[in-house]
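Read the structure below first, then the notes.
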Amino acid sequence: MKLSYRGVSYEHNSPQIETMTGAAGGTYRGATWNHQYLRHIPVPQPKVDLKYRGVAYSTGDPIDVEVVRLRREYTQVNGATANTTASATKQKPAKSDRQQVLKELHSTHLDHLRRNLERRLQIAREKGDNHLIQLLEAESRQLA
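Counting in the numbering used here, the sequence shown runs from 29 upward without gaps.
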């Protein structure tokens, strides 16, 4: 393509880009248009089970995301060998992750309560408040 700018002539050769036509994007003034994808750039695979501030999300086409999830579940269930299946039947079934987290949270909560109670009891002893000491000791017996 011959071009000129301020009296200077030059020839512009635009690079040839290979594209492939994707799905229909929509219609504009009555004509349908399609997405154009570069041929040399791979199509990104969907990312599943991502989390941002505790909220789960996925990227990509929802159908592709569901296919990846189902494939992962299938390989986890049916991908086990005979040896691992036999050893899994001998072991006790493990508690679910939710139950383990709740148990850990409960023990942490009790540790914090006990630590707070010990601190309050120490302050009451320093002040010499016998009535408060008796109340705090009764509370410690309830925690035990």
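All residues carry an ideal CB built from backbone N, CA and C; glycine is no exception.
| said: Which same chain residues end up closer than 7 Å to residue 45 when comparing Cβ atoms and leaving out the 5 residues on each side of it in sequence? | reply: Within the same chain, 66 come within 7 Å of residue 45 by CB-CB distance, once the 5 residues on both sides are set aside.
| query | Does DSSP put residue 127 in a helix, in a strand, or in coil? | reply | DSSP places residue 127 in the helix class (H, G or I) of the three-state scheme.
| request: State whether the region 70-79 contacts the region 90-100, with contact taken as three or more CB pairs (one from each stretch) at a distance under 8 Å. | output: Remark: three or more beta-carbon pairs, one from each stretch, lie closer than 8 Å, so the region 70-79 and the region 90-100 are flagged as touching.
| message | Under DSSP, the alpha helix (DSSP H) around residue 101 begins and ends at which residues? | response | Run containing residue 101: 90-106, per the alpha helix (DSSP H) assignment.
| field | Distance between beta carbons of residue 168 and residue 145, contact taken as under 8 Å | value | Yes, they are in contact, since the Cβ atoms of residue 145 and residue 168 sit about 6 Å apart, within 8 Å.
| field | Closest by C-alpha distance to residue 68, when choosing among 85, 78, 47 | value | Closest option to residue 68, judged by alpha-carbon separation, among 85, 78, 47: 47.
| query | Would you call the CB atoms of residue 50 and residue 63 closer than 7 Å? | reply | Result yes, Cβ atoms of residue 50 and residue 63 sit closer than 7 Å.
| query | So what's residue 111 in DSSP terms, helix, strand or just coil? | reply | Any reading at residue 111 is ruled out, since the residue's pLDDT is 49, under 50, leaving its predicted position unreliable.
| task | Check the C-beta distance from residue 142 over to residue 171 and give it rounded, since I have them as a contact under 8 Å. | result | About 6 Å separates the two Cβ atoms, so the contact holds.
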